Amino acid sequence: MGFNLTDVISISDFSRGDIDFILAEAARMEKMPRSKKKCLLDGKVVASLFYEPSTRTRLSFETAIQSLGGTVIGFADAKVSSAKKGESLSDSIVTVSGYADLIVIRHSIEGSARRAAEVSKSPIINGGDGANQHPTQTLLDLYTIKKQFGKIDGIKIGLLGDLKYGRTVHSLMYALAHFKGIKVYLIAPESLKMPQNIVDEVGNKLEIKETGKVKEFLPELDVLYATRIQKERFVDEFEYEQIKNVYILGKSILKHTKKGFKIMHPLPRVNEIKPELDKTDAALYFEQARNGVPVREAILNTLKDVKKE
Ligand code: CP
Numbered sequence: 014m015g016f017n018l019t020d021v022i023s024i025s026d027f028s029r030g031d032i033d034f035i036l037a038e039a040a041r042m043e044k045m046p047r048s049k050k051k052c053l054l055d056g057k058v059v060a061s062l063f064y065e066p067s068t069r070t071r072l073s074f075e076t077a078i079q080s081l082g083g084t085v086i087g088f089a090d091a092k093v094s095s096a097k098k099g100e101s102l103s104d105s106i107v108t109v110s111g112y113a114d115l116i117v118i119r120h121s122i123e124g125s126a127r128r129a130a131e132v133s134k135s136p137i138i139n140g141g142d143g144a145n146q147h148p149t150q151t152l153l154d155l156y157t158i159k160k161q162f163g164k165i166d167g168i169k170i171g172l173l174g175d176l177k178y179g180r181t182v183h184s185l186m187y188a189l190a191h192f193k194g195i196k197v198y199l200i201a202p203e204s205l206k207m208p209q210n211i212v213d214e215v216g217n218k219l220e221i222k223e224t225g226k227v228k229e230f231l232p233e234l235d236v237l238y239a240t241r242i243q244k245e246r247f248v249d250e251f252e253y254e255q256i257k258n259v260y261i262l263g264k265s266i267l268k269h270t271k272k273g274f275k276i277m278h279p280l281p282r283v284n285e286i287k288p289e290l291d292k293t294d295a296a297l298y299f300e301q302a303r304n305g306v307p308v309r310e311a312i313l314n315t316l317k318d319v320k321k322e
């Protein structure tokens with residue numbers, strides 16, 4: 014088992030072997046004593062370039078970098094970078110790849126991470142590019158499912174909410190297609206359905222059912238993966254206001270779910286999961302966020318010595 018990528022741009026670039034390698038490495042990182050871990054990125058500089066807001070992705074990457082003994086440079090707000098003066102993304106990346114051994118980037122433009130990887134001498138890790146992909150979130154989602162259920166094969170998972178603009182669910186669909194016997198229930202209003210090209214691409218590998226109603230398949234689910242309605246991607250704010258509270262999960266849903274049922278969410282949430290669910294056995298979302306650290310440690314450690322042409 015090995016890892017065959019020089020950058021982490023899209024989960025579609027991952028083979029099953031690449032996914033299994035990162036999940037196994039994340040489990041190893043989680044068990045490794047701090048004293049042993051803290052030398053793994055010794056002398057390495059990692060740039061954290063966040064052109065879009067983030068709490069979990071940026072801070073869990075920065076936690077991972079520091080726990081492995083690396084140094085972080087970067088910014089959490091594009092307004093303090095030379096992008097504000099009109100510098101192109103390519104020029105910024107070429108420059109930063111002269112300073113840093115690895116680059117983590119989040120950007121609002123779809124394809125920006127791919128473009129960065131084309132010009133960078135250092136490996137690029139995509140921390141989310143517009144509504145396109147969020148591959149490291151997907152790896153931590155898979156890690157969370159595997160830790161919770163002991164396997165990913167055979168999982169019955171509902172994806173709920175903004176399946177049109179939600180990059181986490183796009184990446185997750187491609188990743189789940191590598192596993193056996195997966196049933197995916199796409200639960201979204203008509204205007205926020207999963208893009209048809211994604212359904213078509215993975216439709217022969219996953220059993221997919223679509224509905225607009227949360228309750229329709231609830232008793233069948235092992236996991237309900239809820240997502241936020243992505244306000245920042247709407248062109249028309251009125252349209253967002255009309256649909257923003259389309260799904261609000263409360264404790265009452267647990268009357269219809271099976272034993273061991275879990276709720277996941279990439280977070281941040283707005284109104285889609287009521288806090289009354291937080292203390293129930295179903296709530297897995299904060300543990301999911303914590304799992305971001307070992308998974309990102311695994312990614313950084315795996316890419317640290319990659320040499321790009
Ligand atoms: N899940 C996720 O990407 O969260 P942040 O936007 O806070 O990084």
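Taken in order, the sequence shown gives residues 14 to 322; the numbers are from this note's numbering. We put the beta carbon where it would ideally sit given N, CA and C, even for glycine. These numbers come from a predicted model, not from an experiment.
Pocket of the ligand CP defined by Cβ to heavy atom distance under 5 Å = After applying the 5 Å Cβ criterion, the set is SER67, THR68, ARG69, THR70 and PRO279.
Which listed residue (VAL132, LEU81, SER133 and ILE137) has its alpha carbon closest to that of ILE118 = ILE137
Per DSSP, which one or two residues make a beta bridge with ASP142?
-> Per DSSP, the beta-bridge partners of ASP142 are HIS120 and GLN146.
For PHE230, which of helix, strand or coil comes out of DSSP?
-> coil
Under a three-way DSSP split, which group does TYR64 fall into?
-> coil
With DSSP run on the structure shown, which of helix, strand or coil describes THR224?
-> strand
Same chain, Cβ closer than 8 Å to GLY263, neighbours up to 5 away in sequence not counted | LYS287, GLU289 and LEU290
Since VAL109 contacts VAL85 with CB under 8 Å, what's their CB separation in whole angstroms?
-> About 12 Å; that fails the 8 Å criterion.
Quick one: what does DSSP say LYS196 is sitting in, helix, strand or coil?
-> strand
Spatial neighbours of ILE165 in its chain, beta-carbon cut-off 8 Å, leaving aside the 5 residues before and after | So the qualifying residues of the chain are LEU155, ILE158, LYS159, LEU189, PHE192 and ILE195.
From ALA311 to ALA39, what distance separates their C-alpha atoms?
-> 5 Å
Going along the chain, which residues of its own chain have a beta-carbon closer than 7 Å to the beta-carbon of LYS228, five neighbours each way excluded?
-> The answer, listed in chain order, is HIS269.
Compare the Cα-Cα distances from ALA296 to each of ILE32, ILE122, MET277 and VAL319 and report the closest residue.
-> MET277
Taking buried to mean at least 16 other C-beta atoms within 10 Å of its own C-beta, is ASP122 buried or exposed?
-> The sequence given here has Ile at residue 122, not Asp. By the neighbour-count rule (16 or more Cβ atoms within 10 Å), ILE122 is not buried but exposed.
C-beta contact flag for TYR198 and THR224 at 9 Å | yes
For SER135, the nearest candidate out of ALA113, VAL215, LYS292 and GLN301 (CA to CA) | ALA113
Please confirm whether ILE211 and TYR187 have their CB atoms less than 9 Å apart.
-> yes
Simplified DSSP assignment, three categories, for TYR238 = strand
Status (buried if at least 16 other CB within 10 Å, exposed otherwise) for SER95 = exposed
CA-to-CA distance, ARG309 to VAL32, given in whole angstroms = Sequence check: residue 32 is Ile here, not Val. Cα-Cα distance, rounded: 13 Å.
VAL215 to GLN255 span [Cα, whole Å] = 31 Å
How about PHE88 and THR315: are their beta carbons less than 9 Å apart?
-> no
Would DSSP call PHE34 helix, strand or coil?
-> Helix, per DSSP.
Report the three-state DSSP secondary structure of ALA89 (helix, strand or coil).
-> coil
Going by beta carbon distance, what residues of the same chain come within less than 6 Å of ILE22, once the five residues before and after it are set aside?
-> ALA126, ARG127, ALA130 and ASN139
Under 9 Å between the Cβ atoms of THR76 and THR149?
-> no
Could you give the distance in angstroms between the alpha-carbon of ASP249 and the alpha-carbon of LEU205?
-> 14 Å
Determine the direct distance from the alpha carbon of LEU153 to that of LYS275, and round the result to whole angstroms.
-> About 15 Å.
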